[in-house]
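Shown next, in structure tokens, is the structure this report addresses.
Numbering (my numbering), first residue to last: -17 to 354.
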């Protein structure tokens, strides 16, 4: 069981590296393809659409072939594609490649969460927050590693090959620790459609991802346009947010064990809501940084709890529930930044943030309906 726990943590760490690697390559891709910001936005959308396509099917694939097979296939596809993403000059070919990579990443995401549920059930204690913390740490390691590589004047292709080698090395090192087991049951359904409480869990996941994504995509804009912070310093806001989120997840297993699932979601959503209100209504840069930190800490354990409960509920098979929750959650990642931007353009960024705070208040209200 210990090996399976380590293997699961390694895959969360691996996926964090993979996602941050693509993030580090984006500026180079924009230069290679000579595209506008708007065209880049469409390319980024391709990655998300690929994930949305694969996620509803990934649960059934894991149930049929086992988590190990799905994760292995997804990692091999992703690692193989990364060097090409670093060098392609055709926007059409790049968009097609991103659709494939997005589908592979979505499959990894669903399968690793299914495995994490199986491992947590067998351990009979909370583990998911720690796994999700490893994803955040992997993202930091990947981003920092690529920054170091580029600072030594390596080309994007060389950096991509290095990243792919790391991904394949991690997969090889921990492959035996991945579970060959199928999910629970042999349900005939192949596409994950939420039922009963899984709908509530899916909506909560979507709102949590929306709240997280808003800080990533619009937190710096808020600091530079409303708080008038120099653009060179705007990244500190997200850094504080990410640090608190990672810390919250590192200690999340103990927090969930002590408070339980319902109180963790309730208090987390209220804390994140408070963070947004501080950002909006306290007109000082330092307060905005504190607000972002509160958002990170509040959101830290909401998604891990959602996945844990989705894996334990008895309304639908856990492999399908995880796929459904992840699919709808990803719509918050995709549509969230666009929605925030649309509202900000119409009535201002403060109103956009206030609406997110209101959604988090809704999560707090409905948290008591979560049943394990």
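Glycine included, each C-beta is placed from N, C-alpha and C at the ideal position.
Same chain, Cβ closer than 7 Å to residue i, neighbours up to 5 away in sequence not counted
i, result
"residue 40", "52, 88, 89, 92, 93 and 305"
"residue 21", "73"
Residue i burial status per 10 Å Cβ neighbour count (16 or more: buried)
i, result
"residue 11", "buried"
"residue 236", "exposed"
"residue 214", "exposed"
"residue 9", "exposed"
"residue 24", "exposed"
"residue 333", "exposed"
"residue 98", "buried"
"residue 258", "buried"
"residue 266", "exposed"
"residue 296", "exposed"
"residue 330", "exposed"
Cβ neighbours of residue i in the same chain (closer than 6 Å, five flanking residues each side left out)
i, result
"residue 167", "Only weak support exists for where residue 167 lies, its pLDDT of 49 falling under 50; the value from the coordinates is given anyway. Cβ neighbours of residue 167 beyond the five flanking positions: 299."
"residue 192", "314 and 318"
"residue 170", "Residue placement at residue 170 is flagged as unreliable, the pLDDT there being 48, under the threshold of 50; the coordinate-derived value follows with that caveat. Around residue 170: no qualifying Cβ."
"residue 62", "none"
"residue 303", "180 and 292"
First and last residue of the uninterrupted alpha helix (DSSP H) at residue i
i, result
"residue 179", "179 to 207"
"residue 102", "73 to 105"
"residue 130", "110 to 133"
"residue 279", "267 to 281"
"residue 245", "243 to 263"
"residue 140", "138 to 156"
"residue 336", "331 to 348"
"residue 12", "-16 to 15"
Residue nearest to residue i in terms of C-alpha spacing, selected from the options
i, options, result
"residue 17", "307, 311, 74 and 83", "74"
"residue 289", "210, -15, 38 and 111", "111"
Beta-carbon separation (whole angstroms), residue i vs residue j, contact threshold 8 Å
i, j, result
"residue 349", "residue 244", "6 Å"
"residue 151", "residue -1", "About 11 Å separates the two Cβ atoms, so there is no contact after all."
"residue 183", "residue 292", "5 Å"
"residue 196", "residue 205", "Actually they are not in contact, since the Cβ atoms of residue 196 and residue 205 sit about 13 Å apart, beyond 8 Å."
"residue 146", "residue 64", "5 Å"
"residue 255", "residue 346", "7 Å"
"residue 67", "residue -3", "With a Cβ gap of about 16 Å, residue 67 and residue -3 do not count as contacting."
"residue 71", "residue 3", "19 Å between Cβ atoms; not a contact."
Proximal residues to residue i (C-beta, below 8 Å), its chain only, five neighbours per side dropped
i, result
"residue -9", "112, 113 and 116"
"residue 351", "179 and 182"
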